[in-house]
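Just add 281 to the spot in the sequence shown (first one is 1) and you have the numbering used here.
Okay, structure first, notes after.
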Amino acid sequence: MRPRNHIPDRERRARSRLTQILHTQPFLCGSLVRMERTCGKPGCKCTRGELHPSLYLAIRTGEKRKMIHIPQPLEKTIRQWVANYQEAWRLMEQISELCLK
282 MRPRNHIPDR ERRARSRLTQ ILHTQPFLCG SLVRMERTCG KPGCKCTRGE LHPSLYLAIR
342 TGEKRKMIHI PQPLEKTIRQ WVANYQEAWR LMEQISELCL K
(Lines of atoms letter the chains of each structure in order from A and count residues from 1; the text may use other names and numbers.)
(Lines give C-alpha, C1' and ligand atoms only; values in the text may rest on other atoms or scores of the structure.)
Protein backbone atom coordinates (compact mmCIF):
# COMPACT_ATOMS: atom_id res chain seq x y z
CA MET A 1 0.00 0.00 0.00
CA ARG A 2 1.23 3.48 -0.81
CA PRO A 3 1.92 6.01 1.92
CA ARG A 4 -1.09 8.24 2.58
CA ASN A 5 0.55 11.35 1.12
CA HIS A 6 1.09 9.55 -2.21
CA ILE A 7 -2.58 8.75 -2.84
CA PRO A 8 -3.88 10.91 -5.71
CA ASP A 9 -6.65 13.38 -4.82
CA ARG A 10 -9.22 11.64 -7.02
CA GLU A 11 -8.61 8.31 -5.29
CA ARG A 12 -8.62 9.92 -1.85
CA ARG A 13 -12.00 11.56 -2.57
CA ALA A 14 -13.45 8.27 -3.82
CA ARG A 15 -12.20 6.40 -0.73
CA SER A 16 -13.58 9.10 1.56
CA ARG A 17 -17.04 9.01 -0.07
CA LEU A 18 -17.07 5.19 -0.01
CA THR A 19 -16.21 5.18 3.70
CA GLN A 20 -18.96 7.71 4.34
CA ILE A 21 -21.56 5.56 2.57
CA LEU A 22 -20.49 2.32 4.25
CA HIS A 23 -20.43 3.74 7.77
CA THR A 24 -23.33 6.19 7.81
CA GLN A 25 -25.94 5.15 5.25
CA PRO A 26 -28.00 1.98 4.85
CA PHE A 27 -27.76 0.18 1.53
CA LEU A 28 -29.37 -2.76 -0.25
CA CYS A 29 -27.81 -4.94 -2.92
CA GLY A 30 -30.39 -5.48 -5.63
CA SER A 31 -32.36 -3.91 -8.44
CA LEU A 32 -35.77 -2.30 -8.40
CA VAL A 33 -38.31 -3.76 -10.81
CA ARG A 34 -41.74 -2.31 -11.58
CA MET A 35 -44.31 -4.94 -12.51
CA GLU A 36 -48.03 -4.81 -13.15
CA ARG A 37 -50.46 -7.30 -11.63
CA THR A 38 -54.11 -8.12 -11.08
CA CYS A 39 -55.68 -8.03 -7.61
CA GLY A 40 -58.36 -10.66 -8.20
CA LYS A 41 -61.35 -8.52 -7.16
CA PRO A 42 -64.30 -8.87 -9.54
CA GLY A 43 -65.22 -5.57 -11.16
CA CYS A 44 -61.81 -3.98 -10.55
CA LYS A 45 -60.17 -2.00 -13.34
CA CYS A 46 -57.44 -4.66 -13.54
CA THR A 47 -59.96 -7.18 -14.92
CA ARG A 48 -60.39 -4.81 -17.89
CA GLY A 49 -56.66 -4.59 -18.56
CA GLU A 50 -55.63 -1.64 -16.36
CA LEU A 51 -53.20 -3.52 -14.14
CA HIS A 52 -51.97 -2.31 -10.75
CA PRO A 53 -48.31 -1.19 -10.70
CA SER A 54 -46.10 -2.76 -8.01
CA LEU A 55 -42.47 -2.26 -7.08
CA TYR A 56 -40.20 -5.20 -6.25
CA LEU A 57 -36.62 -5.54 -5.07
CA ALA A 58 -34.87 -8.22 -7.12
CA ILE A 59 -32.05 -9.90 -5.22
CA ARG A 60 -29.93 -12.97 -5.87
CA THR A 61 -29.49 -15.51 -3.09
CA GLY A 62 -27.01 -18.12 -4.23
CA GLU A 63 -28.26 -19.40 -7.58
CA LYS A 64 -31.84 -18.20 -7.12
CA ARG A 65 -33.37 -14.82 -7.82
CA LYS A 66 -35.88 -13.53 -5.29
CA MET A 67 -38.45 -10.77 -5.73
CA ILE A 68 -39.51 -8.87 -2.60
CA HIS A 69 -42.58 -6.63 -2.79
CA ILE A 70 -41.94 -3.03 -1.72
CA PRO A 71 -44.97 -1.33 -0.14
CA GLN A 72 -45.66 2.14 -1.53
CA PRO A 73 -44.83 3.99 1.74
CA LEU A 74 -41.32 2.45 1.68
CA GLU A 75 -40.62 3.11 -2.01
CA LYS A 76 -38.61 6.33 -1.52
CA THR A 77 -36.51 4.81 1.28
CA ILE A 78 -35.74 1.60 -0.61
CA ARG A 79 -34.86 3.57 -3.76
CA GLN A 80 -32.32 5.58 -1.73
CA TRP A 81 -30.82 2.43 -0.18
CA VAL A 82 -30.40 0.81 -3.61
CA ALA A 83 -28.89 4.06 -4.96
CA ASN A 84 -26.42 4.06 -2.02
CA TYR A 85 -25.35 0.53 -2.93
CA GLN A 86 -24.95 1.43 -6.60
CA GLU A 87 -22.85 4.47 -5.71
CA ALA A 88 -20.65 2.37 -3.40
CA TRP A 89 -20.16 -0.18 -6.19
CA ARG A 90 -19.19 2.55 -8.70
CA LEU A 91 -16.73 4.03 -6.19
CA MET A 92 -15.11 0.62 -5.60
CA GLU A 93 -14.71 0.16 -9.36
CA GLN A 94 -13.21 3.65 -9.64
CA ILE A 95 -10.76 3.02 -6.77
CA SER A 96 -9.75 -0.31 -8.28
CA GLU A 97 -9.17 1.33 -11.66
CA LEU A 98 -7.07 4.09 -10.08
CA CYS A 99 -4.98 1.54 -8.17
CA LEU A 100 -4.12 -0.25 -11.41
CA LYS A 101 -2.65 2.92 -12.94
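Where a beta carbon is used, it is the ideal one built from N, C-alpha and C, also for glycine.
Counted as a single uninterrupted DSSP element, the beta strand (DSSP E) harbouring H350 occupies residues 345 to 351. Residue range 290 to 305 is occupied by the alpha helix (DSSP H) that includes T305. Excluding the 5 residues flanking it on each side, C320 has same chain C-beta neighbours closer than 7 Å at C327, H333, in chain order. When rounded, the separation of the alpha-carbon atoms in Q375 and E292 is 8 Å. Cα atoms of A364 and L338: separation of roughly 12 Å, rounded to the nearest angstrom.
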